[in-house]
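Presented below is the structure to which this report refers.
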Ligand SMILES: Nc1ncnc2c1ncn2[C@@H]1O[C@H](COP(=O)(O)OP(=O)(O)OP(=O)(O)O)[C@@H](O)[C@H]1O
Ligand SMILES: [Mg+2]
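Protein chains in written order, with the working numbering: chain A, 2 to 256; chain B, 17 to 269.
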């Protein structure tokens, strides 16, 4: 699944009618099965970019294509995982995971098969009949991942999915996500403002500058996986990415 | 709180009532408890040719259910529509705001003018009583549905019909149910009031007024107690349904 973003621009109209330039001339080619991290300081337009790709927001100009067919709304090839809590609290875990399949009118037996597969993939088989409020934050995000995977999308869009988790759970979820990615070979676009997370996960890191959001740099991370956060190489790349971010922040302060 | 502490006040009240009744010694002002209990314990007995307690209760319950059903069938779809579309809400809301504070009983004269005496007029009053609380709660519930839930469904390609049936309605259901509970309470009060309309010859509202007219206040009081118990019973059932199906709302976060 090749995703192509071309000259994407997004302007919002503020409450007082003023224009807010959120994104400016974003162009990006994402290879099939690539793990991309969008990294940048708060307010630089990461969520906006992801929402436009996911079809939840219209771009002011520019276009997005999957395998050279034009995308102009929620696409069946993509599934989104939100930062905030997005499970349906009135549905059991099983029914939450089946949600996307229900929307697509997939017959019951098939739904049940998929639910079983993805429940075990995220390690929550025994919670099939629990309700979301009975689960911890990390478990809930795993359910959200399973729900997204159940429709078998080519591309996963993730907006700071682990942002609300504590550091330990977060590290564990990152390892699990890489496992799942290796098993299922999806293209993943992952938004984060944690440099550490980006260097740990990504094939390539896209660094955005704030206001208007533009691409500052795209950094390939060639470290073999599993990556060791304490290794010399890891720390070197981390320092480099950090300095890039600091630089973009400093530039903004000059303005 | 122990179960028996709940009984203390009722026992005191009953005792005071009985003492007062004996002191006053006039059953046209305050009948003795025994005579009320006698009426209550013979629920199937025909009361001065006007049918039994059970028959009159059944008539009232039938009326309230009919009016309530029509009310919610109108209020829930309209509420969902108004909650989903700002344009529709802006269009309809002013009228709702003006009509809402008018008590159902204030519609009695119009009910008589339009429907004459009979079932239709009573149903109309109940409809008015049930309609507004259900509508207001449905609008609120629909508007409060989390945007993330709706967007999640959209990313899976949900169309508006699926959005409604799989996200909006289930998410708003606890609020809608609250509206139904409040609406039923008001509908139940409205039916009793509407049955006091001149020309009505059945129902609990009729029966308690009839008790006064023939100087049998024990019938009136027995009827009032039945009205209270039925209202309580139905609210209890609705509360049980709420706890069974919508408890997720309170347990979130
Ligand atoms: N609906 C909107 N209306 C107006 N302005 C908006 C809207 N959504 C986003 N913006 C603006 O666009 C800019 C980018 O916002 P966005 O949410 O994409 O940033 P972000 O990089 O995801 O930030 P964070 O890391 O804090 O989540 C911000 O300045 C924000 O104020
Ligand atoms: Mg964001």
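We put the beta carbon where it would ideally sit given N, CA and C, even for glycine.
**Request:** Identify the contact partners of residue 90 of chain A in chain B, using a Cβ-Cβ distance below 7 angstroms as the criterion.
**Result:** 264 and 268
**Request:** Answer yes or no: do residue 46 of chain B and residue 60 of chain B have a C-beta to C-beta separation smaller than 8 angstroms?
**Result:** no
**Request:** Taking C-beta pairs closer than 9 angstroms, name the residues in chain B that residue 104 of chain A reaches, listed in chain order.
**Result:** 169, 172, 173, 174, 175, 178 and 182
**Asked** If you pair each beta-carbon of the region 125-137 of chain B with each one of the region 67-77 of chain B, do three or more pairs fall below 8 angstroms?
**Response** no
**Message:** With three or more C-beta pairs closer than 8 angstroms as the rule, is the region 208-218 of chain A touching the region 23-37 of chain A?
**Reply:** yes
**Contact test: residue 41 of chain A Cβ vs ligand 1 heavy atom, cutoff 7 angstroms** = yes
**Item:** Local conformation of residue 11 of chain A per DSSP, three classes
**Value:** strand
**Item:** DSSP state of residue 195 of chain B mapped onto helix, strand, coil
**Value:** helix
**Prompt:** Whose C-beta lies closer than 7 angstroms to the C-beta of residue 43 of chain A among residues of the same chain, with five residues either side of it excluded?
**Reply:** 194
**Asked** Relative to ligand 2, is the shortest distance from any of its heavy atoms to the C-beta of residue 1 of chain A smaller than 7 angstroms?
**Response** No information on residue 1 of chain A is available, as it lies outside the stretch 2 to 256 that chain A covers here.
**Start-to-end residues for the beta strand (DSSP E) that takes in residue 25 of chain A** = 20-31
**Message:** Check whether chain B comes within 8 angstroms of residue 128 of chain A, counting only Cβ atoms and requiring the distance to be less than that.
**Reply:** no
**Request:** From the DSSP output, in three-state form, read off residue 206 of chain B for me.
**Result:** helix
**Request:** Can you tell me which of the three DSSP states residue 180 of chain A falls into?
**Result:** helix
**Request:** Could you check the C-alpha separation between residue 153 of chain B and residue 48 of chain A for me, to the nearest Å?
**Result:** 33 angstroms
**Short-range partners of chain A found in the region 119-135 of chain B, where Cβ spacing is below 7 angstroms** = none
**Message:** Distance cutoff 8 angstroms, beta carbons only. Does residue 132 of chain A sit that close to anything in chain B?
**Reply:** yes
**Asked** Helix, strand or coil for residue 218 of chain A per DSSP?
**Response** strand
**Request:** Report the residue from A:18, A:112, A:14 and A:36 whose alpha carbon sits nearest the alpha carbon of residue 186 of chain A.
**Result:** A:36
**Request:** Determine, using beta carbons only, whether residue 85 of chain A comes closer than 8 angstroms to chain B.
**Result:** yes
**Paired residues, beta bridge with residue 242 of chain B - DSSP** = Note: residue 242 of chain B sits in no beta bridge, so no partner.
**Request:** With distances taken Cα to Cα, identify the nearest neighbour of residue 8 of chain A among A:85, A:66, A:160 and A:123.
**Result:** A:66
**Asked** Is it true that the CB of residue 75 of chain B sits closer than 8 angstroms to the CB of residue 219 of chain B?
**Response** yes
**Request:** Would you tell me roughly how many angstroms separate the C-alpha atoms of residue 105 of chain A and residue 173 of chain B, rounded to the nearest one?
**Result:** 8 angstroms
**Message:** By the three-class DSSP mapping on this structure, what secondary structure does residue 154 of chain B have?
**Reply:** helix
**Prompt:** With C-beta atoms as the reference, is residue 61 of chain A less than 8 angstroms away from residue 10 of chain A?
**Reply:** yes
**Asked** How should residue 22 of chain B be labelled, buried or exposed, when 16 other C-beta atoms within 10 angstroms of its C-beta is the threshold for buried?
**Response** exposed
**Prompt:** Just by C-beta distance, which residues in the region 145-170 of chain B are closer than 9 angstroms to chain A?
**Reply:** 162, 164, 165, 167, 168, 169 and 170
**For ligand 2, residues whose Cβ lies under 7 angstroms from any non-hydrogen atom** = A:47, A:48, A:84, A:160, A:161 and A:192
**Request:** For residue 186 of chain B, decide whether its Cβ has a neighbour in chain A, counting only Cβ atoms nearer than 8 angstroms.
**Result:** yes
**Asked** Per DSSP, residue 5 of chain A is paired with what?
**Response** A:30 and A:66
**Prompt:** Could you give the C-beta distance for residue 120 of chain A and residue 147 of chain A, rounded to a whole number, given that I count them as a contact under 8 angstroms?
**Reply:** 6 angstroms
**Request:** Could you give the DSSP three-state label for residue 170 of chain B: helix, strand or coil?
**Result:** helix
**Prompt:** At which residues does the alpha helix (DSSP H) containing residue 96 of chain A begin and terminate?
**Reply:** 94-98
**Request:** Kindly identify the DSSP beta-bridge partner or partners of residue 205 of chain A.
**Result:** A:37 and A:221
**Prompt:** So does the region 172-190 of chain B actually touch the region 207-221 of chain B, counting three or more Cβ pairs closer than 8 angstroms?
**Reply:** no
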